Structure formats: C-alpha cells, structure tokens
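Trainee:
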Amino acid sequence: MQPHNRPIISVSNSINIPVAPRPSNLAADTVNMAPFPPVRPVNSAPESKNANRNQSQNPTDPNAGRISSPRRRRRDQHMQNPRTNQNVPVPQNVQNSQNARTPQNAQTAPPPQEPKVSKVLVTGYPTYTQPHDILEVFTKFGNVRIDKCNSFSATLTYPSEDQALKAIAANKRLHIYGHFLSVRAFTAKPNALEGPMSPKREFPKSKQKSMIIEPDKIDLSGDFYAQLDNLLAAIRLNQEDINKISILYRDLEYAFQVQWPGCKAIPFGSITTGLGIKTSDADCFMSLPLQFRTVNANHVNRARRLLMQHPHIFAEILAIPRANTPIVKFYHVPTDTNCDLTFKTPLGAQNSRLVAFLLNADPRITPMAVVIKYWAKVHELSGTGKLTNYALTWMIIFYLQQPPLSILPSVAMLQRDRANDVIVDCWNTGYTSNADSLPRSSDKSTIAELLGGFFEYYANFNFDEMMVCPYLGTKIKKSVFADTATLPEEFSLYKNNVLSNYVLPLRHQRSFCVQDPFEQCHNVASTITSKLALDIRCYFKFAAAAYKKEKDKNCAGFLKTILVEKPKLLRGKTHPEYRVNLFPRIVNTIISFDWKTVVRDLVKTIFENMMKIKLGKVEEKMNPDSKKDKEKYTCNVTKPIWKRKKYNSLYVDPEMGFEEKQTLISEELIKKEVQEVSLQFQLMLTFCHEPKSAVVTIRMSGGDLDAFREYGKFFISVMQSWFTQLLKPFSMPNCKDTAAKIAEATDDGNVLNDLDSDDEDSEVVLTSSTNRSKEQTTQKKPSANMSECSGADADVPRNGGGEETK
Numbered sequence: 001m002q003p004h005n006r007p008i009i010s011v012s013n014s015i016n017i018p019v020a021p022r023p024s025n026l027a028a029d030t031v032n033m034a035p036f037p038p039v040r041p042v043n044s045a046p047e048s049k050n051a052n053r054n055q056s057q058n059p060t061d062p063n064a065g066r067i068s069s070p071r072r073r074r075r076d077q078h079m080q081n082p083r084t085n086q087n088v089p090v091p092q093n094v095q096n097s098q099n100a101r102t103p104q105n106a107q108t109a110p111p112p113q114e115p116k117v118s119k120v121l122v123t124g125y126p127t128y129t130q131p132h133d134i135l136e137v138f139t140k141f142g143n144v145r146i147d148k149c150n151s152f153s154a155t156l157t158y159p160s161e162d163q164a165l166k167a168i169a170a171n172k173r174l175h176i177y178g179h180f181l182s183v184r185a186f187t188a189k190p191n192a193l194e195g196p197m198s199p200k201r202e203f204p205k206s207k208q209k210s211m212i213i214e215p216d217k218i219d220l221s222g223d224f225y226a227q228l229d230n231l232l233a234a235i236r237l238n239q240e241d242i243n244k245i246s247i248l249y250r251d252l253e254y255a256f257q258v259q260w261p262g263c264k265a266i267p268f269g270s271i272t273t274g275l276g277i278k279t280s281d282a283d284c285f286m287s288l289p290l291q292f293r294t295v296n297a298n299h300v301n302r303a304r305r306l307l308m309q310h311p312h313i314f315a316e317i318l319a320i321p322r323a324n325t326p327i328v329k330f331y332h333v334p335t336d337t338n339c340d341l342t343f344k345t346p347l348g349a350q351n352s353r354l355v356a357f358l359l360n361a362d363p364r365i366t367p368m369a370v371v372i373k374y375w376a377k378v379h380e381l382s383g384t385g386k387l388t389n390y391a392l393t394w395m396i397i398f399y400l401q402q403p404p405l406s407i408l409p410s411v412a413m414l415q416r417d418r419a420n421d422v423i424v425d426c427w428n429t430g431y432t433s434n435a436d437s438l439p440r441s442s443d444k445s446t447i448a449e450l451l452g453g454f455f456e457y458y459a460n461f462n463f464d465e466m467m468v469c470p471y472l473g474t475k476i477k478k479s480v481f482a483d484t485a486t487l488p489e490e491f492s493l494y495k496n497n498v499l500s501n502y503v504l505p506l507r508h509q510r511s512f513c514v515q516d517p518f519e520q521c522h523n524v525a526s527t528i529t530s531k532l533a534l535d536i537r538c539y540f541k542f543a544a545a546a547y548k549k550e551k552d553k554n555c556a557g558f559l560k561t562i563l564v565e566k567p568k569l570l571r572g573k574t575h576p577e578y579r580v581n582l583f584p585r586i587v588n589t590i591i592s593f594d595w596k597t598v599v600r601d602l603v604k605t606i607f608e609n610m611m612k613i614k615l616g617k618v619e620e621k622m623n624p625d626s627k628k629d630k631e632k633y634t635c636n637v638t639k640p641i642w643k644r645k646k647y648n649s650l651y652v653d654p655e656m657g658f659e660e661k662q663t664l665i666s667e668e669l670i671k672k673e674v675q676e677v678s679l680q681f682q683l684m685l686t687f688c689h690e691p692k693s694a695v696v697t698i699r700m701s702g703g704d705l706d707a708f709r710e711y712g713k714f715f716i717s718v719m720q721s722w723f724t725q726l727l728k729p730f731s732m733p734n735c736k737d738t739a740a741k742i743a744e745a746t747d748d749g750n751v752l753n754d755l756d757s758d759d760e761d762s763e764v765v766l767t768s769s770t771n772r773s774k775e776q777t778t779q780k781k782p783s784a785n786m787s788e789c790s791g792a793d794a795d796v797p798r799n800g801g802g803e804e805t806k
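Residue numbers for the sequence shown follow full-length UniProt numbering, beginning at 1 and rising by one.
1) Kindly indicate which three-state DSSP category H689 falls into: helix, strand or coil?
2) Our contact map puts I313 next to V328 with C-beta atoms below 8 Å; I'd like the distance itself, whole angstroms only.
3) Going by DSSP, which residues form a beta bridge with C339?
4) Could you pull the start and end residues of the alpha helix (DSSP H) that L121 belongs to?
5) Enumerate, from N- to C-terminal direction, the unbroken alpha helix (DSSP H) stretches of 4 or more residues contained entirely within the stretch 632-692.
6) By a C-beta neighbour count over all protein chains shown, 10 Å radius and 16 as the cutoff for buried, is V587 buried or exposed?
7) Only counting the same chain, and skipping five residues up and downstream in sequence, which positions put a Cβ closer than 6 Å to that of P23?
8) Taking C-beta to C-beta, are Y471 and V411 nearer than 8 Å?
9) Can you name, in chain order, every residue of its own chain whose Cβ lies under 6 Å from the Cβ of Y177, other than the five neighbours on each side?
10) Go through its chain and collect everything with a Cβ distance to N171's Cβ below 8 Å, but skip five positions before and after it.
11) Would you tell me roughly how many angstroms separate the C-alpha atoms of T432 and S701, rounded to the nearest one?
12) Taking contact to mean at least 3 C-beta pairs separated by less than 8 Å, is the stretch 286-304 in contact with the stretch 383-400?
13) Give the C-beta separation of F491 and H508 to the nearest angstrom, bearing in mind that I take them to be a contact with Cβ-Cβ under 8 Å.
14) Does DSSP put P215 in a helix, in a strand, or in coil?
15) Between which two residues does the alpha helix (DSSP H) harbouring Y457 extend?
16) Looking only at its own chain, which residues have a Cβ that is under 6 Å from the Cβ of K495, when we skip the five neighbours before and after it?
17) Can you tell me whether DSSP reads M732 as helix, strand or coil?
18) Comparing alpha-carbon positions, which option in W595, L504, N324, D464 lies nearest T638?
19) Return the CA-CA distance between F681 and I213, expressed in angstroms with no decimal places.
20) Locate the beta strand (DSSP E) running through A315, then write down its first and last residues.
21) Rounding to the nearest angstrom, what Cα-Cα distance links residue 807 and I716 in this structure?
22) Output yes if chain C places a C-beta closer than 8 Å to the C-beta of K614; else output no.
23) Considering only C-alpha positions, which residue in the set S678, S500, T697, F583 is nearest to K541?
24) Spatial neighbours of I613 within its chain, please: C-beta separation below 7 Å, excluding the five flanking residues on both sides.
25) Sort out for me which residues DSSP pairs V598 with in a bridge.
26) Can you name, in chain order, every residue of its own chain whose Cβ lies under 7 Å from the Cβ of Y651, other than the five neighbours on each side?
27) Using 8 Å as the threshold, is the C-beta distance between C469 and K475 below it?
28) Taking 8 Å as the threshold (C-beta atoms), are L290 and F343 in contact?
29) My guess is that I266 and L237 are in contact by the Cβ rule of under 8 Å, so how many angstroms apart are they, rounded?
30) On the three-state DSSP scale, how would you describe K541?
31) With burial defined as no fewer than 16 other Cβ atoms inside 10 Å of the residue's Cβ, what is the status of N191: buried or exposed?
32) At what residues does the beta strand (DSSP E) containing Y578 begin and finish?
33) Bridge partners for N523 per DSSP, in chain order?
34) Would the beta-carbon of N554 fall within 8 Å of that of D223?
35) Alpha carbon to alpha carbon, how far is P691 from M211? Give it in angstroms, no decimals.
36) Which partner residues of A265 appear in the DSSP bridge assignment?
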C-alpha cells in the first residue's frame, strides 16, 4: 500500500519569546477609591496594639472590651466632631435602628438542625475494586446507590437516614478482598452549604464554534463521489486551517514559559490524524521539564491562572482538576478554536501517532472515516458522555482489520519487533512506523462499499458478549477478561499491570467495550449507557438497510439517507414488557426457610439450562422499607427457542425427566434451526416478603421487536408451568398439588400487580382489572401460535398469572 501523506502539525521546539514586563506606572494592586476619614487626630500619638479596643470603663456599656472592626471604627469616627473629638448625638431614627439589632430586642432564632445523614463515604478498599464489589457489601443495609467512585473513595447514598447510620456503624468491620473499610458520614464542603449555587457559566464563543453545519445545507446532488467531494469540502479542515491552528500551540508555550521554562506543547487528537472537521477541538499535551514533574502533581489550576493573564488570546477558560485526566478547556481567540489542555500523560500523543499512521496507510480510509465521524455528530451519537470520536476511530480501524478486507494489520503485529518498544505509563506505545513493511491487501472495494460495509458489520455485531479489540485485530468474548489470572499470553502486559495493582481492570461489562490497543485497561467506550447503546444500534441497522437499498443504484441516495433521515427509536413506555406472577400460594409451599434462593435458582435453571439463555447479573436492589428486593440480569437470544413443537416428538421417553427433556429440545433447536434472531432483554426478578411472592419480568432492551413479542408469548405460556414442575422437590409433600394452586391463584390477580409500583426506574403501565379479566378469559383458550410455542406438558395449565404491558 502506498502511504497517503497528510501533514501533521509540527510545533517548533526553539520558541523563546521574552515575557513582556508589567508597565512600571501601574501597580499590581492599585485600586481607585476615595480615602476614609482619618482614624485619629493628626497630632495624636501612634496607637498601641490594644488601641483598637474600646476604652470605656462603664460596666453597663455593651461595647466595653469589644474588639473594634474597621467598619465599626469608621462609623464611630463619623459620629465624632473632628475638631473637639466629642461624640455627636446620634439621631433618634439611627438609635432605633441600632437598638433593633441588639440582642435584647432581637427574637431568639431556633438552633439550626443538623442535616440528615443519608450519604456515606467509603475508603480503604484496594485500587482494583469495582463498583459492583462495593454494592455487594453495602446492599445488606438497604437499597444503595453509588454517586461517585474512584480508586481511593466512594460516595454512597441510601434512601433513609437509618440505613446510612447502620452502614456507618459497621466502620472497620466490613472488608473487600481482605481490606477493611472505613465508613463515615459524607459531609459536603462548608462553602457548598452557604448561599445559592453560582450560576452556570455560559461560553458563547465555544458553543458557537461547536455548532456543526447541518446536512440539508450541503449540496448532496449528483453521484456518490460528487456528493462526497461536496461534503468533505464543507466540513473538513483544509491545510490553511491546520497551519493557522499551529499558532495556538505557540501561544501556549509563550504563556507558560514564565512558570515552566522549557515546556513543550505537543498536539494530538483528530487535527493531527487527518480527521479534523471545522468543529473539532484542538488537543494539547504540555510536556514539562523534569524538574517540574512531581508525583500526583495537578497543574491545571495554575495553568488557568496563567492563561487568564492573556485575555486577548485565551477566553472562556475552565479548569477541570478532578477529572480522571485533569484538563483546562479554553477558547483561543486568534484562531477561533476550542482547546483541551492536559499535563497528565503523553499517551494521547502516542495514540494519535498510531492512528495517523494507520489512517494514512490507504487513501480510501480517511474520507470514509470523516463521513462516519460527521454522521455520528449530526445524529448526536458522539460527544461528551456519549460515543467519543476516539472510540469511533478505533471501531473504524477494527472493521478494516477484519477479513476478507484485511486492509490494516493488528497493533500486536506492529509491535512484534521489541526494538521498537516505547514504554509510557507501564504500557508499550512503540510500533514499526515503516509503511513498506505493512502487509499488502488485495481488497479493491470502493469508498462507498467500505462505508456501507462498516454499518453492516456493526449492525450485526454482538456488543453484549463480544468486545472490539484492535490490539489483536479480532473480536473476543468479554468473559475472557472476567478472570485476569487466566488471560492468554497475548495480554501478558495487561495481566502484569493489573495483578501488580498498577492499573484497574478493564471495564469489560459495559454496554460497548472497545479496548485501547496501548492502554489495554481502558475501555474507550465505557461512557455509553444502555439507552444510548440501543440508539446507536438502531442507527447502525438503519444505515445498513439504506446501503442495502442503494448499492444497486451506485449509492446515489446513500449519503442523503443516512445523514438527513433518522430511524424510529424505541423510547420509554414503547418498550414491551411481559411478566409472570409467582403467587403466595405457590411460594408458600417451599420447605426451605431461604425461599428466595429456591425461587432464584429455579428461574436461573429455566433460563440458563432449559432455554439456553445465559444470564449476566447487572444490579441488585434491596428496599427494607417496602420489603421488596429486585435483581436484574441481561439476556441475549440468537435462535427462535420458542419454535419447539416440531422437536417435541424427538423426546418421548417416559423415563426422561421434565428438565432434561426441555434442555435437550433447546439444544436440538439451537443446533438445527437455520433462522437467526437478534434479541436483547432484561430479566427482572422481584421478591415481596409480605406476602411471600415473586414476579418474573422480561423487558426488551434491543434487537428485533417482533422476535421479542413472539418470545414474550412463549414466556407467558410456559414460565409458571415450568416453575411449578421444578418446584415439586422443594415443596411440602402434604400440600395440595401446586398446579391446582395456580388455578386458585388466578383469582388473586391483584395481589402483586403493584409489586413494582414504587420502583423509581419502573416504566411499566399496568393493565386495568377489566382488561386483565379479558386477558385471563382469552388465555383459557390459547391461540394456535401459543400452542405451537409451548413446550409444557398438557396437564399443566398455561398462562397463569402472566400479562403483557407496554
């Protein structure tokens, strides 16, 4: 491959501009204000140290012995005759106003009440502790939420003061991985409790700069390549823009020379990789000489003060010192550019060098990547707290690493020669930079085909179980990183850094996992929430469908479709939900005192063994006040496991147990069924203690809506009957048949219908009693589809306690 050379900003290392001296005729602290009246007569002797005390010896004088403040002295001087030094009679209205302030006439204010304690501060855990480890320890005291968590401390919030006090009482008695925890009440800074909050800072220049040109204002006429040229010309930085931005780095070095002589401004980010668009921020790492580098030094506040000394150059300055990577954000006036400045690590600069090297390896890559970046920006999928441009870039590179394209090599292959190693912050950031050594790809795809292929690839990517790994150039299971000690040899550096407590483990259980190829403990897509992940998947599928429709027409309408049109997103209450009630008359038959464990294990058996759906636990909530507990699990379905009828006849052995039969049917179905489905949902298991009962709920989180509805019908038809079959070994032998209890329990349909009504995150709209009665009447005569879906025995009633909500 011929490298496509793209200029990268280079900042001179020999900048030595003297700092302009302060004008001699302007004092630093000069304030233009009128002088106060003289404190004492001109000819009087100098005051002693105690001269500011009131000299009155009158024991009834309330001011005797009081320290006189400057304001009080000025007021007293105004009340004296400057010639005779005699007190001037105070007007009556002034006396009244002064007496009104005296303690004798003032009403006694009630003593301030101490704020209720609902937050606790936890310290003492090891640096590799994950948030779920903390939750497991503190949920025993109540339904707890983590407000903030870092390597050293965590702030937890309980809904009631009693729960927080119980947690505080357990100080030095709780432990995580053998480390005993310090638990105390969380107290805000005193300033935070005084007066109203400061108004939100508005940065109009920065905001105006970040506003992107809308796609409907770009000429998207002609064929695909004419549209591409018009699009790139409208949004992309040209060489003149890049050369102008280099002034920003020169000005930064000039501003900081007085504080850190010899500092160097090192640019990185999209502007240096060739992916800069007109709204791109500049990124800068300020490299300080060795004598200014100290452990845990945080220079951003000092940098903010230095930048504020040049208001005609730097404006709208904001320091963020407590971020994971402390930065200073500012607006550079001469170049009309927003900039993020960091002092922490040169890893960003090393990453940008690698990205630029890979993008320039093929001339088709950069135009495609700029379009994808603009697409994400237009639809508000990227930005702060969303999909970062850095993560999106590595997703593009990873796609180009996959066969049959194989346009780009893996990062591990670029690092095979140990002579190129460059260790930065415990990570190897070196690689071979010889473009001629890269393997040549035989792929001849056009830019339109590569662009459409990108959307097709990620529309079908299993983000729930797999992670994007540009380091190896192949997708790997998230579960591989569950146990650091058993990782393959390829991740030996990661394993050593984590086990040595140099870094925290990779946050692989997030909605998206895109591993940084250098800093392998960093999931660069960890900020993506489950809701945003669902939206991004919808946009991927929408763009993939648009490409499939337009590729036979030379993609003439492809760009306009993906940039102007939007998919229909599932929002809030449009998410369907199915639930099955396990009524008190069912649960009360359980012999074991720990009935919740029995219910939980049986539900897991149904999903993981009998349906072959792997569960991933994401949350556990306890609410002692309402005596309800909730557990949430993630589920992913790839085969239509509800189509079981044709497989029932394969397993008719009367000696075969019920669980074994359903398990074999699922295994056979998964092996033989050709149809593929993409379905993600949450399984919620809610326990109620008074009366003892449970609700099993499934709520869609992503994938095919029609497939979820089919599965929901199957779930309602079999869940309770399967549960009662598995419950028999755990039930009291002298009780009535559990199946008969279900028939009786259908009359108690209202018992648990409000079970989740006090959950703050519930999006359920329950059906009315009238509709519920109609549902139950309908359920007595299952439809053909439900009969086909059901794999339960014929003698067990179906649909007991099941309902669909939206």
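Even for Gly, the Cβ is constructed at its ideal location relative to N, Cα and C. Just so we're clear, the structure is a prediction, and the values are computed from it rather than from any experiment.
Mentor: Quick answer:
1) As a working mapping, residue 689 is identified with position 689 in the sequence shown. H689: coil per DSSP, three-state reduction.
2) As a working note, residue 313 is residue 313 in the sequence shown. As a working note, residue 328 is residue 328 in the sequence shown. The pair is not a contact, with the Cβ atoms about 14 Å apart (cut-off 8 Å).
3) Counting from one through the sequence shown, the residue named residue 339 turns up at place 339. In the DSSP output, where bridge partners are listed per residue, C339 has A282, F330.
4) As a working mapping, residue 121 is identified with position 121 in the sequence shown. Looking at the DSSP string, L121 is not in any alpha helix (DSSP H); the run it does join, the beta strand (DSSP E), is 119-123.
5) 645-648, 658-672
6) Translated into positions along the sequence shown, residue 587 becomes position 587. Flag for V587 reads buried.
7) Working through the sequence shown from its first residue, we reach residue 23 at position 23. With a pLDDT of 37 at P23, under the threshold of 50, the modelled position of that residue is not reliable, and no figure is offered here.
8) Translated into positions along the sequence shown, residue 471 becomes position 471. Translated into positions along the sequence shown, residue 411 becomes position 411. Result yes, Cβ atoms of Y471 and V411 sit closer than 8 Å.
9) Counting from one through the sequence shown, the residue named residue 177 turns up at place 177. Cβ neighbours of Y177 beyond the five flanking positions: P126.
10) If you number the sequence shown from 1, residue 171 lands on position 171. These residues qualify, in order along the chain: L181, S182, V183, R184.
11) Reading the sequence shown from its first residue, position 432 is the one you call residue 432. Reading the sequence shown from its first residue, position 701 is the one you call residue 701. Each residue's alpha carbon lies about 43 Å from the other.
12) no
13) Translated into positions along the sequence shown, residue 491 becomes position 491. Translated into positions along the sequence shown, residue 508 becomes position 508. Not quite, the Cβ-Cβ distance comes to about 12 Å (not below 8 Å), so this is no contact.
14) As a first step, residue 215 must be located in the sequence shown, where it is residue number 215. Residue state, collapsed to three classes: helix.
15) Indexing the sequence shown from 1 puts residue 457 at position 457. Y457 -> alpha helix (DSSP H) spans 447-459.
16) Along the sequence shown, one-based indexing puts residue 495 at 495. Contacts found: T484, L487.
17) The residue labelled residue 732 in the question sits at position 732 within the sequence shown. Three-state DSSP puts M732 in coil, outside helix and strand.
18) Your numbering for residue 638 matches position 638 in the sequence shown. Checked all of W595, L504, N324, D464; the closest Cα to T638 is D464.
19) What you label residue 681 is simply residue 681 of the sequence shown in a count that begins at 1. What you label residue 213 is simply residue 213 of the sequence shown in a count that begins at 1. Looking at the two C-alpha atoms, the distance is approximately 37 Å.
20) The residue labelled residue 315 in the question sits at position 315 within the sequence shown. Counting along the chain, the beta strand (DSSP E) containing A315 begins and ends at 314-320.
21) This structure cannot speak to residue 807, because the chain is shown only from 1 to 806.
22) Although the question refers to chain C, the structure presented lacks it and comprises just one protein chain.
23) Here the question's residue 541 lines up with position 541 in the sequence shown. Per the Cα distances, S678.
24) For the purposes of this step, residue 613 is taken as the residue at position 613 of the sequence shown. Counting only Cβ-Cβ distances below 7 Å, and skipping sequence neighbours, we find F607, C635, V637.
25) For the purposes of this step, residue 598 is taken as the residue at position 598 of the sequence shown. In the DSSP output, where bridge partners are listed per residue, V598 has none listed.
26) Taking the first residue of the sequence shown as 1, we reach residue 651 at position 651. So the qualifying residues of the chain are K661, L664, I665.
27) In the sequence shown, the residue the question calls residue 469 occupies position 469. In the sequence shown, the residue the question calls residue 475 occupies position 475. Cβ distance < 8 Å, so C469 and K475 count as in contact.
28) Along the sequence shown, read from residue 1 onward, the residue named residue 343 stands at position 343. Along the sequence shown, read from residue 1 onward, the residue named residue 290 stands at position 290. Not a contact, by the Cβ cut-off of 8 Å.
29) Along the sequence shown, read from residue 1 onward, the residue named residue 266 stands at position 266. Along the sequence shown, read from residue 1 onward, the residue named residue 237 stands at position 237. The Cβ separation is near 19 Å, so there is no contact.
30) Counting from 1 along the sequence shown, the entry for residue 541 is found at position 541. In the structure shown, K541 sits in a helix (DSSP, three-state: H, G or I).
31) As a position in the sequence shown, residue 191 is number 191, starting the count at 1. Because the pLDDT of N191 is 45, which lies under 50, any placement of that residue in the model is unreliable, and the number read from its coordinates should be weighed accordingly. By the 10 Å Cβ count, N191 comes out exposed.
32) Mapped onto the sequence shown, residue 578 falls at position 578. Here the beta strand (DSSP E) through Y578 covers 577-582.
33) As a position in the sequence shown, residue 523 is number 523, starting the count at 1. Answer by DSSP bridge pairing, in chain order: Q515.
34) Counted from its first residue, the sequence shown places residue 554 at position 554. Counted from its first residue, the sequence shown places residue 223 at position 223. Yes. Within cutoff.
35) Taking the sequence shown and counting its residues from 1, the one referred to as residue 211 is at position 211. Taking the sequence shown and counting its residues from 1, the one referred to as residue 691 is at position 691. Their backbone Cα atoms lie some 56 Å apart in a straight line.
36) In the sequence shown, counting from the first residue as 1, residue 265 sits at position 265. In the DSSP output, where bridge partners are listed per residue, A265 has M286.
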